[in-house]
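Chemist:
Protein chains: 2
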Amino acid sequence: MARKTGSHADITGPLVRKAAISLIARHGFAAVTMRQIAAEVGIQAGALYLYTPDKQTLLFDLMHDHLADLLVTVLAEPMLDTPTERLEAFCKFHIRYHLKRPESVFIANMELRNLEPDNFKKVEDQRRQYEAYLASILEAGQLAKDFKVPDCKLATMAIIAMLTGVNTWYQDGGRLTQERVERIYWNMVRRAVGA
Amino acid sequence: MARKTGSHADITGPLVRKAAISLIARHGFAAVTMRQIAAEVGIQAGALYLYTPDKQTLLFDLMHDHLADLLVTVLAEPMLDTPTERLEAFCKFHIRYHLKRPESVFIANMELRNLEPDNFKKVEDQRRQYEAYLASILEAGQLAKDFKVPDCKLATMAIIAMLTGVNTWYQDGGRLTQERVERIYWNMVRRAVGA
DNA sequence: CTTCTAATTGAACAATTGTTCATATATGCA
DNA sequence: TGCATATATGAACAATTGTTCAATTAGAAG
């Protein structure tokens, strides 16, 4: 039965997620203890089990929810007319979206091997869907002879790796603004696909 | 005093390293126990301490030695005449070298946060040197007007991320040979830098 | 053979792990 | 006010952790 009013749990639950994201991104899932997460929230370790059935589910939920939001958001972007415009929008979206939540991105990329087989399959499928979205843009551009890509699958992996790599070095207030980074990367991608 | 003949330790030592690499790549440093490593080698956990002072040093040695070998090897490559030739050689070298030791590469990329601060600094510096090698090629090409790169630092990070990404999906005996992958990626890099 | 050292065992250590649960406190509703 | 439920404690659990070390075995040198 759903609660009507905002209870304490509705506040603490998100706090647990936030603490877990921060700690796991910094130290890795296996290195973070339930007691550390609890301490960050300001509760005892036992109370965590009011918000998650176990540690593994907590990790899976973080990764699954992150990727689910990524998919929903990218699919909600307005569909532009030409493959080139769509590729530009994708590149800039990917950089912007990932730079806004670096901790979740880090976890989603690094903690795959700590997922139990069933959970791993689900998360892997979400990644596959996201890659398929980019691949479809490349294939459309290839078909329309807007792009010259020798292999769409390879180009997909290359572009995603390249764009996600921004997260490893970018820092706010650094030498380049985010908009400038987006433009430079889009230019490299554009030329790489021959558009 | 150096031993003249190959002792048992000269054999077991490398076995410990190999077992550690395999296990850490699969499960992550924090999730692997000294007892697991020992079991893989076929000895007791206590005997590991004949080959490493502690778990942290074992990890650092794996990462440090991997990157040291990477640096020595890339610097030993013959220096070609033009920046374009050098960039092509670098791209193909990077893919080939990394595909040959995927487990060490995985560890070097994923376990940075499990290094103690001093060890982290050393490994980070090795990475910086490798990046500087590629950056110098891009800067030379830019100066010679062979490349059109809006930002050499960004292009360096983009290219390395893109090339290293091959390790996440390539499998021997798959759809594409390694040589074909090298050529396709080099083509994308070449166009990305405007060569 | 004996002697010396290198290599290894196996038990032990204190600390920490994820998780459970009886008990207590707080909160919202009648 | 009191009752019911949601939320939290804190102690306890067995299992496991990295590491140490006295005792033992193996191997090479003389």
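Just so you know, the sequences run in chain order C and Z.
Per this note's numbering, residue 1 is the first one in the first sequence, and the count goes up by one each step.
Per this note's numbering, residue 196 is the first one in the second sequence, and the count goes up by one each step.
Backbone N, C-alpha and C define an ideal beta-carbon position, used for all residues, glycine too.
What's the call for T351(Z), buried or exposed, on a 16-neighbour Cβ count within 10 Å?
Modeler: T351(Z) comes out buried.
Chemist: What residues in the stretch 62 to 87 of chain C have a beta carbon less than 7 angstroms from any beta carbon of chain Z?
Modeler: Going along the stretch 62 to 87 of chain C in chain order, one finds no residue with a Cβ nearer than 7 angstroms to chain Z.
Chemist: Quick one: which chain Z residues come within Cβ less than 7 angstroms of W169(C)?
Modeler: M352
Chemist: Just confirm the distance between the C-beta atoms of E306(Z) and L253(Z), as a whole number of angstroms; I'd bet it's less than 8 angstroms.
Modeler: About 11 angstroms; that fails the 8 angstroms criterion.
Chemist: Answer yes or no: do A25(C) and M63(C) have a C-beta to C-beta separation smaller than 8 angstroms?
Modeler: no
Chemist: Which residue from A140(C), V181(C) and Q178(C) puts its Cα closest to that of V193(C)?
Modeler: A140(C)
Chemist: Roughly how many angstroms separate the alpha carbons of R210(C) and D151(C), rounded to a whole number?
Modeler: No statement about residue 210(C) is possible, as the shown extent of chain C runs from 1 to 195 and does not include it.
Chemist: For Y380(Z), is the classification buried or exposed, using 16 other Cβ atoms within 10 angstroms of its Cβ as the cut-off for buried?
Modeler: buried
Chemist: Ignore the nearest five residues each way along the sequence and tell me which others in E283(Z)'s own chain have a CB closer than 6 angstroms to its CB.
Modeler: W381
Chemist: R221(Z) versus chain C: which residues are under 9 angstroms apart at the beta carbon?
Modeler: The contacting residues are R113.
Chemist: Taking the alpha-carbon positions, what's the D341(Z) to L80(C) distance?
Modeler: Distance between the alpha carbons of D341(Z) and L80(C): 34 angstroms.
Chemist: Could you work out which residues of chain Z lie near G173(C), taking near to mean beta carbons separated by less than 9 angstroms?
Modeler: Those within 9 angstroms of G173(C) in chain Z number zero; the least Cβ separation is about 16 angstroms.
Chemist: Taking C-beta pairs closer than 7 angstroms, name the residues in chain C that R386(Z) reaches, listed in chain order.
Modeler: R191, A192 and G194
Chemist: How many angstroms separate the CA atom of M1(C) from the CA atom of Y133(C)?
Modeler: Because M1(C) sits at a pLDDT of 31, beneath the cut-off of 50, its placement in the model cannot be relied upon, and the following sentence gives the value as read from the coordinates. Roughly 37 angstroms between the two C-alpha positions.
Chemist: Per DSSP, what kind of secondary structure is W186(C) in: helix, strand or coil?
Modeler: helix
Chemist: Starting from G336(Z), follow the alpha helix (DSSP H) in both directions and report where the run begins and ends.
Modeler: P312 to L338
Chemist: Against chain Z, does P150(C) count as a neighbour if the rule is that its beta carbon must be under 8 angstroms from one of theirs?
Modeler: yes
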